[in-house]
Amino acid sequence: MKSLTSLKKSLSAKQSAGCAAFKALFEEHLYSSQDRCVVEMHELLQSRQVSAQEALAVIKPHVKQGCEYPPSHRVKALQVLGWLTGHLQGAAASALMEDCASAKWKERLKRIATESYSPPLQQAVAVLLYRWALAHRSHDWGVGFQQALWDLEAE
Numbered sequence: 000m001k002s003l004t005s006l007k008k009s010l011s012a013k014q015s016a017g018c019a020a021f022k023a024l025f026e027e028h029l030y031s032s033q034d035r036c037v038v039e040m041h042e043l044l045q046s047r048q049v050s051a052q053e054a055l056a057v058i059k060p061h062v063k064q065g066c067e068y069p070p071s072h073r074v075k076a077l078q079v080l081g082w083l084t085g086h087l088q089g090a091a092a093s094a095l096m097e098d099c100a101s102a103k104w105k106e107r108l109k110r111i112a113t114e115s116y117s118p119p120l121q122q123a124v125a126v127l128l129y130r131w132a133l134a135h136r137s138h139d140w141g142v143g144f145q146q147a148l149w150d151l152e153a154e
């Protein structure tokens, strides 16, 4: 029987490999728009080979305000995030939505929408917040997303 330490090391190595694969798939999708990449990223998250925090760490540099990526890449990154949050189930879905519902992420999305001069990027943020507000309307998360939308409308 394997020891607890060796099991932890094995899991850690599996997650590291999963994170590298997730990042490679994400980058490939940004440049090629291959739908299979998004499906494979979904499978990595659903199987817990990649944690929600690791996935967001890969996506965040592509969406945050002031990044060097063009608006088209930022829109794709937001679409990937929306697709993943809409299709994950169980603990993986809860973990990802909990992180996306944080005050930091809501502020980041509002900043992107208000400071960007790209209408498609502004629309992508609004659509993402709207879908999250609708999907989680009976949860505190939904209320927070709805408030973020109202804040955008007020600005």
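Residue numbers (numbering that gives the first Met the number 0): 0 to 154.
All C-beta atoms in this analysis are idealised placements derived from N, C-alpha and C, irrespective of residue type, glycine included.
The structure displayed is predicted, hence computed values, not measured ones.
Mind checking which residues open and close the alpha helix (DSSP H) that includes residue i?
i, result
"L87", "Careful: L87 lies outside any alpha helix (DSSP H) and carries neither H nor E."
"R136", "Unbroken run through R136: none, as it is neither H nor E."
"R35", "34–45"
"K109", "102–114"
"V57", "51–62"
Exposed or buried, what is residue i when buried is set at 16 or more other beta-carbons lying within 10 Å of its beta-carbon?
i, result
"L148", "buried"
"L6", "Note that L6 scores a pLDDT of 41, beneath 50, so its modelled location is shaky; the value from the coordinates is reported in the next line. Counting Cβ neighbours within 10 Å, L6 comes out exposed, since fewer than 16 surround it."
"G143", "buried"
"Q105", "According to the sequence shown, residue 105 is Lys rather than Gln. Classification for K105: buried."
"E53", "buried"
"K75", "buried"
To which residues of the same chain is residue i closer than 6 Å at the C-beta, ignoring the five residues directly before and after it?
i, result
"E114", "Q64"
"E39", "L24"
Leaving out five residues before and five after residue i in sequence, what residues of the same chain have Cβ atoms less than 7 Å from its Cβ?
i, result
"Y129", "L148"
Excluding five sequence neighbours on each side, which residues of the same chain lie with their C-beta closer than 8 Å to the C-beta of residue i?
i, result
"V182", "Any question about residue 182 goes unanswered here, given that the chain covers just 0 to 154."
"H72", "L29, H61"
Quick check: residue i and residue j, are their CB atoms within less than 8 Å of each other?
i, j, result
"A51", "A91", "yes"
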